[in-house]
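Since the structure comes first, as structure tokens, the remarks are kept for the end.
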Amino acid sequence: MSGVGKVVSLGEAVARHVADGMTVALEGFTHLIPFAAAHEILRQRRRELHLVRMTPDLVYDQMIGMGCARRLTFSWGGNPGVGSAHRLRDAIEHGWPLPLEIDEHTHAGVAAAYCAGAARLPFGLLRGYLGTDLVQVNPRIRSVECPYTGERIATVPALNPDVTFLHAQRADRRGNVEIVGILGAQREAGLAAKALVVTVEELVDELPPAMNGIVLPHWVVSAVALCPGGAYPSYVQGRYGRDNAFYQRWDAVSRDRGTFRSWMERHVLGAPDHASFLASLGASA
Amino acid sequence: MSGVGKVVSLGEAVARHVADGMTVALEGFTHLIPFAAAHEILRQRRRELHLVRMTPDLVYDQMIGMGCARRLTFSWGGNPGVGSAHRLRDAIEHGWPLPLEIDEHTHAGVAAAYCAGAARLPFGLLRGYLGTDLVQVNPRIRSVECPYTGERIATVPALNPDVTFLHAQRADRRGNVEIVGILGAQREAGLAAKALVVTVEELVDELPPAMNGIVLPHWVVSAVALCPGGAYPSYVQGRYGRDNAFYQRWDAVSRDRGTFRSWMERHVLGAPDHASFLASLGASA
Amino acid sequence: MSEWTRDEMMTIAAARRLWNGCVCFVGIGLPSAACNLARLTHAPDIVLVYESGTLGTRPDVLPLSIGDGELADTAACVVPLPEIFAYFLQAGRVDVGFLGAAQVDRHGNLNSTVIGPYDAPSTRLPGAGGATEIAAHARQTFVVIKATRRSLVERLDFRTSAGFLEGRGARARTTMRGGGPRAVITDFGVLTPEDGSDELVLSELYPGATEEEARAAVGWPLRLAPVIERIAAPTPAELEALRALHARTRAAHAQPVRLPLT
Amino acid sequence: MSEWTRDEMMTIAAARRLWNGCVCFVGIGLPSAACNLARLTHAPDIVLVYESGTLGTRPDVLPLSIGDGELADTAACVVPLPEIFAYFLQAGRVDVGFLGAAQVDRHGNLNSTVIGPYDAPSTRLPGAGGATEIAAHARQTFVVIKATRRSLVERLDFRTSAGFLEGRGARARTTMRGGGPRAVITDFGVLTPEDGSDELVLSELYPGATEEEARAAVGWPLRLAPVIERIAAPTPAELEALRALHARTRAAHAQPVRLPLT
Numbered sequence: 129m130s131g132v133g134k135v136v137s138l139g140e141a142v143a144r145h146v147a148d149g150m151t152v153a154l155e156g157f158t159h160l161i162p163f164a165a166a167h168e169i170l171r172q173r174r175r176e177l178h179l180v181r182m183t184p185d186l187v188y189d190q191m192i193g194m195g196c197a198r199r200l201t202f203s204w205g206g207n208p209g210v211g212s213a214h215r216l217r218d219a220i221e222h223g224w225p226l227p228l229e230i231d232e233h234t235h236a237g238v239a240a241a242y243c244a245g246a247a248r249l250p251f252g253l254l255r256g257y258l259g260t261d262l263v264q265v266n267p268r269i270r271s272v273e274c275p276y277t278g279e280r281i282a283t284v285p286a287l288n289p290d291v292t293f294l295h296a297q298r299a300d301r302r303g304n305v306e307i308v309g310i311l312g313a314q315r316e317a318g319l320a321a322k323a324l325v326v327t328v329e330e331l332v333d334e335l336p337p338a339m340n341g342i343v344l345p346h347w348v349v350s351a352v353a354l355c356p357g358g359a360y361p362s363y364v365q366g367r368y369g370r371d372n373a374f375y376q377r378w379d380a381v382s383r384d385r386g387t388f389r390s391w392m393e394r395h396v397l398g399a400p401d402h403a404s405f406l407a408s409l410g411a412s413a
Numbered sequence: 129m130s131g132v133g134k135v136v137s138l139g140e141a142v143a144r145h146v147a148d149g150m151t152v153a154l155e156g157f158t159h160l161i162p163f164a165a166a167h168e169i170l171r172q173r174r175r176e177l178h179l180v181r182m183t184p185d186l187v188y189d190q191m192i193g194m195g196c197a198r199r200l201t202f203s204w205g206g207n208p209g210v211g212s213a214h215r216l217r218d219a220i221e222h223g224w225p226l227p228l229e230i231d232e233h234t235h236a237g238v239a240a241a242y243c244a245g246a247a248r249l250p251f252g253l254l255r256g257y258l259g260t261d262l263v264q265v266n267p268r269i270r271s272v273e274c275p276y277t278g279e280r281i282a283t284v285p286a287l288n289p290d291v292t293f294l295h296a297q298r299a300d301r302r303g304n305v306e307i308v309g310i311l312g313a314q315r316e317a318g319l320a321a322k323a324l325v326v327t328v329e330e331l332v333d334e335l336p337p338a339m340n341g342i343v344l345p346h347w348v349v350s351a352v353a354l355c356p357g358g359a360y361p362s363y364v365q366g367r368y369g370r371d372n373a374f375y376q377r378w379d380a381v382s383r384d385r386g387t388f389r390s391w392m393e394r395h396v397l398g399a400p401d402h403a404s405f406l407a408s409l410g411a412s413a
Numbered sequence: 276m277s278e279w280t281r282d283e284m285m286t287i288a289a290a291r292r293l294w295n296g297c298v299c300f301v302g303i304g305l306p307s308a309a310c311n312l313a314r315l316t317h318a319p320d321i322v323l324v325y326e327s328g329t330l331g332t333r334p335d336v337l338p339l340s341i342g343d344g345e346l347a348d349t350a351a352c353v354v355p356l357p358e359i360f361a362y363f364l365q366a367g368r369v370d371v372g373f374l375g376a377a378q379v380d381r382h383g384n385l386n387s388t389v390i391g392p393y394d395a396p397s398t399r400l401p402g403a404g405g406a407t408e409i410a411a412h413a414r415q416t417f418v419v420i421k422a423t424r425r426s427l428v429e430r431l432d433f434r435t436s437a438g439f440l441e442g443r444g445a446r447a448r449t450t451m452r453g454g455g456p457r458a459v460i461t462d463f464g465v466l467t468p469e470d471g472s473d474e475l476v477l478s479e480l481y482p483g484a485t486e487e488e489a490r491a492a493v494g495w496p497l498r499l500a501p502v503i504e505r506i507a508a509p510t511p512a513e514l515e516a517l518r519a520l521h522a523r524t525r526a527a528h529a530q531p532v533r534l535p536l537t
Numbered sequence: 276m277s278e279w280t281r282d283e284m285m286t287i288a289a290a291r292r293l294w295n296g297c298v299c300f301v302g303i304g305l306p307s308a309a310c311n312l313a314r315l316t317h318a319p320d321i322v323l324v325y326e327s328g329t330l331g332t333r334p335d336v337l338p339l340s341i342g343d344g345e346l347a348d349t350a351a352c353v354v355p356l357p358e359i360f361a362y363f364l365q366a367g368r369v370d371v372g373f374l375g376a377a378q379v380d381r382h383g384n385l386n387s388t389v390i391g392p393y394d395a396p397s398t399r400l401p402g403a404g405g406a407t408e409i410a411a412h413a414r415q416t417f418v419v420i421k422a423t424r425r426s427l428v429e430r431l432d433f434r435t436s437a438g439f440l441e442g443r444g445a446r447a448r449t450t451m452r453g454g455g456p457r458a459v460i461t462d463f464g465v466l467t468p469e470d471g472s473d474e475l476v477l478s479e480l481y482p483g484a485t486e487e488e489a490r491a492a493v494g495w496p497l498r499l500a501p502v503i504e505r506i507a508a509p510t511p512a513e514l515e516a517l518r519a520l521h522a523r524t525r526a527a528h529a530q531p532v533r534l535p536l537t
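Chains as they are written, first to last, in this note's numbering: chain A, 129 to 413; chain B, 129 to 413; chain C, 276 to 537; chain D, 276 to 537.
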């Protein structure tokens, strides 16, 4: 398992690792959200995906609004600091453009499910879901009895996506990936997946020893794609900031089905790649 | 909970946080083993302790040989790279100087128990203890049935020491602690404890923001004591190396009850503090 | 500086309840403003924890999202999100959690999931996020909400997070470790739980606010505490610190983002 | 350089079984020497993982302990020990695990816990450490042991780690993910499990070793594989690399430690 062939184009990585009907996670908690990967999945017209993400914010608003998802596992779905995720709401409230099954959790529950997945345990434990109606509406939230105290502890089934997409600062030619800054549950989501694809701002020949820094070692990474700006409009610690104005503008773009579709057609589907997407926004976003 | 009063002498920290009969963990996996703290516990003649540590190597060989433990929770007890922990063996094989109850696990099991303790869950889960007689001799190793797959998964009861001692590179005056290098399960052992005491090589006014570095924030730390060389003969990344020759010499020192006792009387009990202990070795170790 | 808005009063009322050294699990919006205002005024050693994993952060401007880079830059350290929930929140290491909601009931239970039936919602809300476990495990919580009869309701459409459940000690009989809501901070004043019944009663009013206004904004028959405290108006120092914080934040968020490419 | 010891032959025989790019969970002593020898000769891209949490480490000298500073300095990164066991070993991300033991039985089960009864041992050994889970979850394991009738035994005093249990597919019927021991590397040659019975049989001999020597050193009636391979003697390049590694290690470990104080 040397690094030969691990560094590919994003188009190739998506073509190789995403098939219709798969369970796909795009992680990154506010920071390092893999927008470029999401757009490439849309360009390749994948359908019937089971999308997994703690916070299906703009990135899944776009994917769900374009009709590529049949199911969503999540814990919080909105536009952070702004308001509603309108396309997510439209799918749940009105089934537009397609009905969306939901598997709804809390942050702590999804985190425990990713951790269980990364450890290849069949379920995760937490003192969670206490006093909430979520346990009534989601039959996947269950419990076990503690074999020492008799206390009932909540359980969630492990999450093991077919493929997880992450974005990171740097990778080297062998496929080692370096991450700096807010991590969310992205390491766990990556380690839980059957395949892990990472887009990065920069490729270097060899990453230095990181001591206690965050590295995904090459032998857990399936593919690396160079994709500068790949987290935009979210941000990359030390590289570029979050485009808060974009998040605010998204409220108006996404509120109306037609406006949303035109925007996506023009900026995402109409662009051959992420660089073109970014260029198209420079003119008109 | 400001830092006032958190920085104390090691003698004061031990007097304040260790009482006879307590469950005490000294963690550090080869790296950052809190020898100075162990010696201070011996100087203060604590008795009937339940000692917890993944690898009761020289540090617990000394404590057990001096008769301060009634029970030991552990997963590997030897002199790493050298051979037996003779005092531990003598206690188990011959009850000298006192009989020792043992609660024996695997590394993965103790790790899961510390993690459960840190999360204040009553038990930890692992796909472990498979095909081993440990489950026959340790009734605390049990199992639960996965509520999704029906598979039986091993459990360990959470470890929540009354006090955990750690050693680290630096702390600041408020009690924030910085750790660099091999971590073992020391963070989890520290977070699992009711009180956390950390000896450090250096005190600084204020630690800089650490981004993804390892910090124990001041509000989880009960006391910090300045103790240069406090991990000797183990090591401190970036400060001093492991005294492998000491570990090799320990084999002869510890093999005989009398030789061991004289050595401890002279170098540990006969020294008022860790600096004197180190000085005494300079002359004769 | 002597004029102030009810929004400012809410933020300041929330900030005043925080003490120096307390560990706060901070949400975005008003709670973030209140916690940072407390840090910049009477509680310089307050510890701010955001669910994105930033421990002990000291941002100069307010984050728009819960994971802005400023939070990481100024944090004592950044830990993975699963650890924040397991080792810090669930472990009982958080003194105060802030919660918002679309609906609160008379026992301080919260709905941030859905208006209407779960399977056929009239309005789908963002959902629980961290709220359910904050409500369960923070030693105490403060709820911040603009009061109307649609937000302070007789009956929740969905219970996302637990307050005192059905009241009369129901919460204390569960395995929840935290003490539940100690204050519901509204735009007229503050409701606090009554001992014994665990029912939210009116206990504090802002300057200029009235009991009648409070009753009109609450969807259940609101009862009064034996003594209604009159909250002091914002001080000039509080207003100045808060407005400067908001001004810095607006200026920072208006900065265009420079991408490496464009 | 043409003379060599059986110890050297064991190390080299172990090293040769490792391939470029394989992920090894390394123990201290001979396994560490074998893995690093492989890295310095035919397998430069071998990935070495030590249970102390060092991923992808490239030490210049052999560690005496499993957590020497050299391992951290040269690692791709260092992760907490619980993650090594949960996210890497248990998750099935380790290709080869090395195991030593005081006793091995004919189905490759291991004892590193106790000689004599558990409650009244004649010799207390260090215990399981990482071995039980390495034995269960590494895709394959190599056992390294000096052969005597007291180490290769008819019956273990205690089963610390699973090989093929009672044989005949017993292991495959458990929830263990790993394939079990693929080779027991001794100081006369190598035993490998026979298909079907899962019994260890003699399949490889070092130059100069004999079947009689092997039978004399094994505590059960040793059966022979259909073909006994004759292992090639160490090459000059292998010997040179191994001896240089040991010499560097001795020199490094003889360096006195300088404490900040003394």
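Glycine residues also receive a C-beta, built at the ideal position from the N, C-alpha and C atoms.
Buried/exposed call for residue i, threshold 16 Cβ in 10 Å
| i | result |
| --- | --- |
| SER412/A | Below a pLDDT of 50, predicted positions are generally treated as unreliable, and SER412/A, at 46, falls in that range; the measurement from the model is reported next regardless. The residue in question, SER412/A, is exposed, as its Cβ has fewer than 16 Cβ neighbours within 10 Å. |
| HIS167/B | buried |
| MET276/C | Unreliable positioning characterises MET276/C in this predicted model, as indicated by a pLDDT of 47, which lies under 50. The coordinate reading is nonetheless provided below. Its Cβ having fewer than 16 others within 10 Å, MET276/C is exposed. |
| GLU334/A | exposed |
| GLY358/A | buried |
| GLN530/C | exposed |
Where residue i falls: helix, strand or coil (DSSP)
| i | result |
| --- | --- |
| ARG457/C | strand |
| LEU138/B | helix |
| ASN207/B | strand |
| LEU356/D | helix |
| ASP189/B | helix |
| TYR368/A | strand |
| TYR393/C | coil |
| THR286/D | helix |
Alpha-carbon spacing of residue i relative to residue j, whole angstroms
| i | j | result |
| --- | --- | --- |
| GLY245/A | PRO400/B | 51 Å |
| VAL418/C | ARG434/C | 15 Å |
| ALA366/C | ALA247/B | 5 Å |
| GLY237/A | ARG315/A | 16 Å |
| PRO468/C | ASP462/C | 17 Å |
Contacting residues, own chain, Cβ-Cβ under 7 Å from residue i (five flanking each side not counted)
| i | result |
| --- | --- |
| ASP379/B | ASN207, VAL210 and GLY211 |
| GLY442/D | HIS382, SER472, ASP473 and GLU474 |
| PRO356/A | GLU329 |
heavy atom of the ligand SAM below 6 Å from residue i C-beta
| i | result |
| --- | --- |
| ARG381/D | The ligand SAM is absent from the structure shown, which contains no ligand whatsoever. |
Contacting residues, own chain, Cβ-Cβ under 6 Å from residue i (five flanking each side not counted)
| i | result |
| --- | --- |
| THR349/C | THR332, ARG333 and PRO334 |
| VAL493/D | LEU427 |
| ALA282/B | LEU254, GLY256, TYR257 and SER271 |
Cβ shell of residue i (< 8 Å), same chain only, five flanking positions each side left out
| i | result |
| --- | --- |
| LEU520/D | ALA308, ASN311, LEU312, LEU315, VAL336 and LEU337 |
| GLU408/D | PHE360, LEU364 and GLN365 |
Segments of 4+ residues assigned as alpha helix (DSSP H) that fall wholly inside the region 459-513 of chain D | Runs of alpha helix (DSSP H) with 4 or more residues, each lying fully within the region 459-513 of chain D, are found at 486-491, listed in chain order.
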